[in-house]
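Protein chains in written order, with our numbering: chain A, 1 to 540; chain B, 1001 to 1371. To start, the structure itself, in structure tokens.
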Amino acid sequence: MDLIAAENVVVGFPIISGYVEAVKGVSFGVRQGETLAIVGESGSGKSVTARTLMGMLPDKAVLDPSSKVRFKDQYITSLSEEDLQKVRGNQISMIFQEPMTSLNPLFSIGSQIIEIIQTHQPLDKASAKAEALRLFEEVKIPKARARLDQYPHQLSGGQRQRVMIAMAIANKPDLLIADEPTTALDVTIQAKILLLIEELKAKYGMSVIWITHDLNVVRSISDRVCVMQQGRIVEQGDTTQIFHHPEHPYTKHLLESEPQGTPPPLKDNQPVSLSGKSVRVVFQIRHGSLFRRKSDELVAVDDVDICVRKGESVGVVGESGSGKTTLGLALIRLINSQEGEIWFGDRRIDNVERKNLRDLRTSVQVVFQDPFSSLNPRMIVRQIIAEGLVINNIGRDDNDREERVRAALLDVQMDPEVMDRFPHEFSGGQRQRIAIARAMVMQPKFVLLDEPTSALDLSIQAQIIDLLKSLRDKHGLAYLFISHDLKVIRALCHHVLVMFNGRIIESGPTVHVLENPQDSYTKDLINAALQQPYLKSDPA
Amino acid sequence: MNITSDHGEGLRNSLTYWQLVRIRYRRNRYGMAGTLVIVMVILVGIFAPFFSPYSEIRTDRDRQYYPPQSLHFFDEEGNFQIRPFVYGMAEDMDPDTYEFTFTPDVEQKFEIEFFVEGEKWKFLGMQFTTKLFGVDLVTGEYMYLWGTDNLGRDVFSRTLIGTRITLLMAFVVVFLAALIGVIVGVSSGYFAGTLDLITQRVVEFVVAFPDLPLYLALLALLPRRADPAIVFIMFSGILVLIRWASFSREIRGMVISIRSLDYVRSAEALGASSSRILFRHIVPNTTSQIIVWITFQLPDVILLESFLSFLGVGVQPPMVSWGRMLNQILDFQSFNAAPWMMAPVGMIVLTVMAFNAMGDAIRDAVDPYSD
């Protein structure tokens, strides 16, 4: 008998031009002690489905009367708000993606977890506090006693997520719903969180519904999978079955979207495109009052050597705070470095004032991570792409420039007719193509790609990576590809540098580093990103 | 929750940001009502002399403190006539209290005519004498819809004409303050460094300075016998002086946050100069906030002007503004004797509420996160 079952759930939202159905008739069930993964891309409706299970849809949402959610022996869909509150946090718990906004920044984490305990259990303050401490230790938060009085902003992302988990299991729920809880975390932290939840699940006999777009997570921890696309479940079944014998074309498409292949071999003796020697970037952090100013230094990039040749793709991999973005920006002189040399071809560029580097800008371009903030919302696509041409007086006249914009759009496989539209009309993947077109229209020789696919869905990511590959091969470009995703780097880059705390701790040809990592941090990274140590068949 | 898909080429025309804003603005009924009121008030202000039966300085020494004459469509016997009319007033003196009392006198029936000849008025250099409505001045008829003041001036006409000065001052002050605030805020936020350090100290000083004593002190320096136009200009200047500072801080904050966005970085990477980044990327993305600020500052200045003119230090006669008219009822006695002289208060309340309604609607319409 299923612990929880969704029967024909249909949810819609009113919008300016009418009504859109986010979930179009979804039915599934979760048994006791089972982990179900709901996997889908943005817009698939997976989060809305999860909220329906908790009875937590936003006010505007419209739940079709024929939709039912059965939990144990009740129908969640017919409970009153009061009765629902007895279920939430108690029998069904949920953890969310962004722990910073899920925890109230005004209250200490101790008080927040005590609140949850006391809401559902008749304990006095002291007992609740003891229980809170026990929970913190259970989720392996170090120095638990001291942490009770700390505030959310004083903890790291991974620790906050552990607090969320502690709050979720405080009342020993029967069902835990996890809505992409590790998407915002570094991959090594993610591995630990996954392990933690598996342990808790075994200990408390919970069922877990795991919502994610990350196939790696699905593969490692779930018993069964539901694949969602545009509001419907297109396939569901045992995890191993789905991964080895996918039936629905969308599932197949999703599985094939994992970055595959390796870059083609480099030609010999290619000239150096961009290189850096002993590069050091230091940020001054000033604090203290006007008269007793203290200066602390933050060494973001510490003595880094790097070299990218024509036609080569070099990857810089590291977790957040490793300094990889700072390194990239310093190399293309968008920020200043304090020490070291930077060369573009045979020209030294670190000792030149930024305003004298105008001509560099046509040969060195950049594509940023967030497609939603990298395009000026007030400009149309044509203006966005042509801006570089206009600034640098490239092109004989407006018509010539428009032709170039047209060619750039075709190059990134977009219909040139989109030229007159505004960024808000496009999806994340399309915007990233526009950003790439903006860089490519300048006919650069070197492109810095700062996590260009991190904010995109898996299948879109695959398309963008293919696009970058084809552009590189077609134009003989040199890429510096910054990422935290080893799978993408493996597919795209000839060389890889592993960064940690501003230093390069390992570097070499990608294949060598991935097969024979020397440093323990590299080993951890590879384990977390490419292998699944916690699959049931493997010893932990 | 995102309803995106990767085949998003719609068939309809792409809407600009402002077109989207307009659609959302129109959905707010309260805001639209406010807009309508403001539009009417502005029209009244522009064409005030046409709408007002009398000029603002015309005195009627025989008829001081007359109560409002109401419009009638039915005469004594209950007959209906399309043409409205007013009754003249019969004066009486109470022998015990020596108070004057006024009662409508049905013997004096003044019919209202439209497009009558009235006093001369100027508009854009051209002279006119036609008034929208009025009574026959030649035969000594009079129509004081909102009564008269202590000098026998028509309150209704003065209120309408006062609209001009009040609104003019509001728009001039707010636009100038916005201009200065944007220039200072943008330079301070974008160029940072020492410029920012010094500018922000100046701004803090201006903001911290007590407003009212400063106004009064500066206004005391104005020569009272000066041309009222000069007084008006200087008065506006003083109001601008205090107003630009806190706005510049808001703008500075916005500039600082926009500056770190990727599309500004991209423009730098393309080789854009500072001025291009400022005018093409940063300032256009602050305009929605600027408009919201302007819409909320206008009622603020109207209230301030009313207050200062009421105290007597603002607009000087023969110029008339709503606040100036309230200066005549400084004491409770006059208020008691002629409560209709409070009419400008009604206009102030109406206009301020309308601007606030508009401001709320605009703010919701430009906010990308509201629904």
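Note that CB positions come from ideal geometry on N, CA and C, so glycine has one too.
Query: Beta-carbon proximity list for T1199 of chain B, same chain, < 7 Å, skipping 5 on both sides; Result: V1184 and S1188
Query: Cβ contact (3+ pairs, closer than 8 Å) linking the region 57-72 of chain A and the region 11-19 of chain A; Result: yes
Query: G1213 of chain B - containing beta strand (DSSP E), residue span; Result: Per the sequence shown, the amino acid found at residue 1213 of chain B is Pro instead of Gly. P1213 of chain B -> not in any beta strand (DSSP E); alpha helix (DSSP H) instead, spanning D1211 to L1221.
Query: Best match in A:V281, A:I285 and A:S320 for proximity to D305 of chain A [C-alpha to C-alpha]; Result: A:V281
Query: Option in A:I141, A:P264, A:L255 and A:R232 with minimal Cα separation from R219 of chain A; Result: A:L255
Query: 8 Å Cβ cutoff met for A184 of chain A and Q118 of chain A; Result: no
Query: Members of the region 387-404 of chain A that neighbour chain B once the beta carbon cut-off is set at 8 Å; Result: E387, G388, I391 and N392
Query: Per-residue contacts from D1262 of chain B into chain A (C-beta, under 8 Å); Result: F368, Q369, D370, S373 and S374
Query: Residue(s) in a DSSP beta bridge with A478 of chain A; Result: A:F446
Query: Where F1128 of chain B falls: helix, strand or coil (DSSP); Result: strand
Query: Nearest-angstrom Cα separation, counted from S1309 of chain B out to G1031 of chain B; Result: 29 Å
Query: Burial state of L492 of chain A, where buried means 16 or more other Cβ atoms lie within 10 Å; Result: buried
Query: Buried versus exposed call for V1349 of chain B [16 or more other C-beta atoms within 10 Å across all chains shown]; Result: exposed
Query: Interface partners of R361 of chain A on chain B, CB under 8 Å; Result: A1269, L1270 and G1271
Query: Proximity test, Cβ basis, 8 Å: L546 of chain A and chain B; Result: Residue 546 of chain A is absent from the model: chain A starts at 1 and stops at 540.
Query: Contact set for V1174 of chain B: own chain, Cβ-Cβ below 7 Å, skip 5 residues either direction; Result: I1294, Q1297, L1298 and V1301
Query: Beta-carbon spacing of L1278 of chain B, E387 of chain A below 8 Å; Result: no
Query: Opposing strand residues paired with L63 of chain A [DSSP bridges]; Result: A:V11
Query: Assigned secondary structure, M1077 of chain B (DSSP; H/G/I helix, E/B strand, else coil); Result: The sequence given here places Glu at residue 1077 of chain B; Met does not occur at that position. Coil, per DSSP.
Query: DSSP-derived helix/strand/coil call for A22 of chain A; Result: strand
Query: Straight-line Cα distance separating M167 of chain A from P173 of chain A; Result: 11 Å
Query: Nonlocal neighbours in the same chain, by C-beta distance under 7 Å from R160 of chain A, ignoring five residues either side; Result: P99, M100, L103 and P152
Query: C-alpha distance - Y521 of chain A paired with V511 of chain A, whole-angstrom precision; Result: 17 Å
Query: Within-8 Å CB hit, S1266 of chain B to chain A; Result: yes
Query: Reduced DSSP secondary structure (H/G/I, E/B, other) of G1010 of chain B; Result: In this predicted model, G1010 of chain B has a pLDDT of only 45, less than 50, meaning its place in the structure is not dependable enough to derive any value.
Query: With 16 other Cβ atoms within 10 Å as the buried cut-off, status of G1140 of chain B; Result: exposed
Query: Length of the line joining the Cα atoms of N1028 of chain B and V1345 of chain B; Result: 27 Å
Query: Buried versus exposed call for T1035 of chain B [16 or more other C-beta atoms within 10 Å across all chains shown]; Result: buried
Query: For V1021 of chain B and M1353 of chain B, the rounded distance between their alpha carbons; Result: 22 Å
Query: Identity of the residue in B:K1131, B:E1056 and B:Q1069 nearest F1050 of chain B by Cα; Result: B:K1131
Query: Contact check, W1146 of chain B vs V1138 of chain B, beta carbons under 8 Å; Result: no
Query: The region 1065-1081 of chain B touching the region 1159-1166 of chain B, judged by at least three CB pairs closer than 8 Å; Result: no
Query: Exposed unless 16 or more other CB atoms sit within 10 angstroms - verdict on Q1019 of chain B; Result: exposed
Query: Which listed residue (A:F446, A:G205, A:T362 and A:R503) has its alpha carbon closest to that of E34 of chain A; Result: A:G205
Query: Positions along the region 245-274 of chain A whose CB lies within less than 9 Å of some CB in chain B; Result: none
Query: Reference L155 of chain A; option with closest CA among A:A478, A:I193, A:L123 and A:I109; Result: A:I109
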